[in-house]
Each structure stands twice: as C-alpha cells, then as structure tokens.
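For reference, the structure is listed below as structure tokens.
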Amino acid sequence: MAQDRHNKGLIGRLWTMLMRIGPWTALGLFAAGIVFWGGFNWTLELTNTETFCISCHEMQENVYKEYRDTVHYQNRTGVRATCPDCHVPKEWIFKIARKVQATNELWHHFMGTIDTPEKFRAKRGVLAQHEWARMKANDSRECRNCHAYGYMDYSKQARRANQAHPKGFDEGKTCIDCHKGVAHRLPPTEQNIGAPKKAAKLETR
Amino acid sequence: MLTVLAAAALALSSSLLAQDRPQSLRGATPITGTTKVDQHQRGPDQGPIPRDYVQQPPLIPHKIDEYRIDLNFNKCMDCHAWSKAKEAGATKVSLTHFRDQASGAELANISPSRYFCNQCHVPQVEAKPLVGNSFKPVDALAQPGRK
C-alpha cells in the first residue's frame, strides 16, 4: 500500500487532492489566486508611478522641482525617465526587495524625518550616499535598463564623452561613478573653492 | 488749450521714457506669454578655442547645459579643479584664480570671487554677430589663417 502511494507520483497526488476538495473549489481557488496576484502587482504598479512618488510633499517640494530642470524630464525627443525608472528595479525579485525597504521610508514619512526643505537638506548627503551605494553595487542597473553601453556609438558621441567612456568602461567604472547628480542637485561637496565646506568629501567623477 | 498741451507733453514724455527704459531680453512680451525661441544651434564640442587677447577669459568649447553652479556644488570644478583636470583631460583652473582680487594675497583655495565661472567664461553658438567689429589680435596672438 505504501509502495502504491509512492508510485502515484506528483500528478497523481495532486489529482487525489483535487477530487477531495472538489473541482469547483479548486477552480475558485485558482481564480482567487489570479485576482490576488493581479491585485498585488496592480497595487505595486500604482506605487510605481511618478504621481505616487511625488504625492508626498517631501518629494514634490524638493527633488521633483529639481528634476524638472533636467534632460530626463524634458528634452528634444520627449523620451523621459520617471522616478521609478531610476529608483525601482524592473526585475520582479529586486523590485519586491526594494519595496520592502521602502516601508521603512514610509515610517520616516509619518515621523516627519525630512518634511521641511531644511530637514531634507540636512539629510540629503546621507540619502544620496545610499542611492550611490545601491547603484554602484548593481552596476547602475537602472541606468542600463535604458542606456546600454554595448550599444553606444562612440563616433556619434561628443568629444569628451567618447574619450571618457571607452576608457572608463575598460577600467570597470559604472555610470554612477561619473554621472552623479543627473536628476537632482548634489549635497554639499568640498571642491577646494572658497571657504572649506562643512561636509564629507564626496567623490564625483 | 492748456490741458491739451499738458496731455500732449505727457504723451511725448512717456513715449520718450519708454524708449529710454532698458528693454528686457523678453522684449515687450508680458510675463504670462511665451517669447519666440531663438533658432541658435550650438556647434559640436571642440578643443580649446584660440584666444584673441592676452587676458581674455578662454571661451568654453563644450556644451554646458545642466552644469549647475550652486551653493553645494560647482559642476565646472568637477573637471577643471586641479585634482580632477588631468583625469578629465581639461585645462586646470588658472593660477590667477587663487589670488584674492581685493588684497592680492595668494589663497590656499580658489578665490570665492571666481565661483561663478559663467560670469567670465561663456560657451558659443553658431550665429551671425549682431554688430560687426574690426578687432584684431596683437601680433603675438595672431594665428595664421585666422581673421
């Protein structure tokens, strides 16, 4: 008997289970699964739009205003990069991981950690460092979703770009190593001009 | 009669005033309207542009769109600072920029009076000069084949 059950295999066992709960219940469960899955992803997508990102005043008042001055908001061809394009991974598994992290940001939102421009400015260095570290660790994956260096035509790039890129990529550098502050203003940075700035020496390009 | 004269004088003086008043770059377009866009194409980036006189702030031979200079960060210094210039292939900020213009003292850092690079250094567009001029560089800077 025990031998028998073993021989039935996975399909057989599933079939027995199905018969036991009844095909309609099974179908219902299946449908519910789809609805939940869809609903889950739908909510996830809702929180993955520019409108959602700037629905909290922290973002609306600071980063969004700055971003509107940049090439990723408005440009010759009208192709844009929105907040989630750069800040939320496209692959499902990385996306979920980032969203779980984001619940911590919600906590800070309700605590009012950066709810005034002053508090935001004070925190900006730290926030920026986090994004740089994230992008450095994943080889600027979000930039590369749109810009693939394998397909860059250096002969069409401007003089400084076509000198920096092949050299940089050979040395194993990634986009964020050289392109900090593409979408936002940068935190205080010591640059040996004027009075020394009270801030960490941030390495840009 | 007197009132008519006064009105005429007023009209005349206000039209004179309107002429005297400096014109903004927007012209007469009200702030709520949009002005015509200048059709100026920027030429491609190039190497250093020859200078026409000895103390000339060199012209910027590359695009500077989105190169922000603000309290926190000066984008120009990202390539032109002495520590960055070699790697970026850019000209180092001039030695003269370390001097405090008021006291003449040499500073350890670049003088804050040089912070806003675009006060003196400007990029170029392909455009016909608005007015002609007959300026000629001194012999020492004259380049063969250049007007």
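Respectively, the protein sequence lines represent chains Y and H. The opening residue of the first sequence carries number -12 in the working numbering; numbering runs sequentially from there. The opening residue of the second sequence carries number -3 in the working numbering; numbering runs sequentially from there. Built from N, CA and C at the ideal position, the CB exists for glycine as well. These numbers were taken from a predicted model, which means no experiment stands behind them.
Item checked: Cβ-based burial, H/G39 [other Cβ within 10 Å; buried from 16] -> Within the second sequence, numbered from 1, the residue matching residue 39 of chain H stands at position 43. That one is exposed.
Item checked: Any C-beta of chain Y under 9 Å from that of H/L55 -> As a working mapping, residue 55 of chain H is identified with position 59 in the second sequence. Judged by the 9 Å Cβ criterion, H/L55 is not in contact with chain Y.
Margin query: Across the stretch 114 to 127 of chain H and the stretch 54 to 63 of chain H, are there enough close Cβ pairs to call them in contact, namely three or more that are closer than 8 Å?
Written below: yes
Notebook entry, point to check: Hey, Y/H59 and Y/E118: beta-carbon distance below 9 Å or not?
Noted result: In the first sequence, the residue the question calls residue 59 of chain Y occupies position 72. In the first sequence, the residue the question calls residue 118 of chain Y occupies position 131. Taking 9 Å as the Cβ cut-off, Y/H59 and Y/E118 do not qualify as a contacting pair.
Next item on the list: Have a look at Y/R67 and H/A98 and give me their C-alpha separation to the nearest angstrom.
Entry: The count along the first sequence starts at 1 and reaches residue 67 of chain Y at position 80. The count along the second sequence starts at 1 and reaches residue 98 of chain H at position 102. So the alpha carbons of these two residues sit roughly 47 Å apart.
Check: What is the rounded straight-line gap between the Cα of Y/I180 and the Cα of H/Y111?
Finding: Counting from one through the first sequence, the residue named residue 180 of chain Y turns up at place 193. Counting from one through the second sequence, the residue named residue 111 of chain H turns up at place 115. Answer to the nearest angstrom: the Cα atoms are 7 Å apart.
Notebook entry, point to check: Taking just the CA atoms, how far does H/Q52 sit from Y/A145?
Noted result: Numbered from 1 along the first sequence, position 158 holds the residue referred to as residue 145 of chain Y. Numbered from 1 along the second sequence, position 56 holds the residue referred to as residue 52 of chain H. Rounded to whole angstroms, Y/A145 to H/Q52 spans 26 Å at the Cα level.
Margin query: Against chain H, with Cβ distances strictly below 9 Å, would Y/G181 count as a contact?
Written below: As a working note, residue 181 of chain Y is residue 194 in the first sequence. Yes, because at least one Cβ of chain H sits closer than 9 Å to the Cβ of Y/G181.
Next item on the list: Would you tell me roughly how many angstroms separate the C-alpha atoms of Y/R0 and Y/I21, rounded to the nearest one?
Entry: Taking the first sequence and counting its residues from 1, the one referred to as residue 0 of chain Y is at position 13. Taking the first sequence and counting its residues from 1, the one referred to as residue 21 of chain Y is at position 34. Each residue's alpha carbon lies about 23 Å from the other.
Margin query: Contact between the stretch 144 to 162 of chain Y and the stretch 119 to 127 of chain Y is defined here as three or more beta-carbon pairs at a separation below 8 Å; is this criterion met?
Written below: yes
Next item on the list: Entirely within the stretch 43 to 114 of chain H and at least 4 residues each: give me those alpha helix (DSSP H) ranges in chain order.
Entry: 73 to 76, 78 to 84
Notebook entry, point to check: For Y/E37, which of Y/D102, Y/V87, Y/C70 has the nearest alpha-carbon?
Noted result: Position 50 of the first sequence, counted from the start, is the residue given in the question as residue 37 of chain Y. For Y/E37, the nearest C-alpha among the options comes from Y/C70.
Next item on the list: Could you list which residues in chain Y have their beta carbon closer than 7 Å to that of H/Y111, in chain order?
Entry: Position 115 of the second sequence, counted from the first residue, corresponds to residue 111 of chain H. Result: I180, G181.
Checklist line | Touch test, the stretch 134 to 150 of chain Y against the stretch 33 to 48 of chain H, Cβ-Cβ under 8 Å, three pairs minimum | finding: yes
Notebook entry, point to check: In chain H, which residues lie less than 9 Å from Y/A145 when you measure between Cβ atoms?
Noted result: As a working note, residue 145 of chain Y is residue 158 in the first sequence. Neighbours of Y/A145 on chain H, chain order: P40, D41, H58, K59.
Notebook entry, point to check: Based on the DSSP secondary-structure assignment, which residues constitute the bridge partners of H/P119?
Noted result: In the second sequence, residue 119 of chain H corresponds to position 123, counting from 1. The partner list for H/P119 (beta bridge, DSSP) reads H/I56.
Item checked: Amino acids of chain Y, ordered along the chain, whose beta-carbon sits closer than 7 Å to that of H/R64 -> The residue you call residue 64 of chain H lines up with position 68 of the second sequence. The answer, in chain order, is R172.
Check: Does the separation of the CB atoms of Y/E177 and Y/H96 fall below 9 Å?
Finding: The residue you call residue 177 of chain Y lines up with position 190 of the first sequence. The residue you call residue 96 of chain Y lines up with position 109 of the first sequence. No. Outside cutoff.
Checklist line | Sub-9 Å separation of Y/T57 and Y/A170 beta-carbons | finding: Locating residue 57 of chain Y in the first sequence gives position 70, where the first residue counts as 1. Locating residue 170 of chain Y in the first sequence gives position 183, where the first residue counts as 1. In contact: Y/T57 and Y/A170 (Cβ atoms closer than 9 Å).
Note to self: Run through the DSSP bridge pairs and tell me what Y/I180 is partnered with.
What the structure shows: As a first step, residue 180 of chain Y must be located in the first sequence, where it is residue number 193. Looking at the DSSP assignment, Y/I180 forms a beta bridge with H/I106.
Notebook entry, point to check: Would H/A98 count as contacting chain Y if we go by Cβ distances under 9 Å?
Noted result: As a position in the second sequence, residue 98 of chain H is number 102, starting the count at 1. H/A98 does not count as touching chain Y.
Next item on the list: Would you mind stating whether Y/N132 and Y/K167 have Cβ atoms separated by less than 9 Å?
Entry: Numbered from 1 along the first sequence, position 145 holds the residue referred to as residue 132 of chain Y. Numbered from 1 along the first sequence, position 180 holds the residue referred to as residue 167 of chain Y. No; because the gap between Cβ atoms is not below 9 Å, this pair is not in contact.
Next item on the list: Could you check which residue in Y/P153, Y/S127, Y/G65 has the C-alpha nearest to that of Y/M139?
Entry: As a working mapping, residue 139 of chain Y is identified with position 152 in the first sequence. It is Y/P153 whose Cα lies nearest to the Cα of Y/M139.
Check: Can you list the residues of chain H that Y/T161 reaches, using a CB-CB cut of under 7 Å?
Finding: Taking the first residue of the first sequence as 1, we reach residue 161 of chain Y at position 174. Going along chain H, no residue has its Cβ under 7 Å from Y/T161, so there is no contact; the nearest lies around 16 Å.
Item checked: Status (buried if at least 16 other CB within 10 Å, exposed otherwise) for Y/I101 -> Here residue 101 of chain Y refers to the residue found at position 114 when the first sequence is read from its first residue. So Y/I101 ends up on the buried side.
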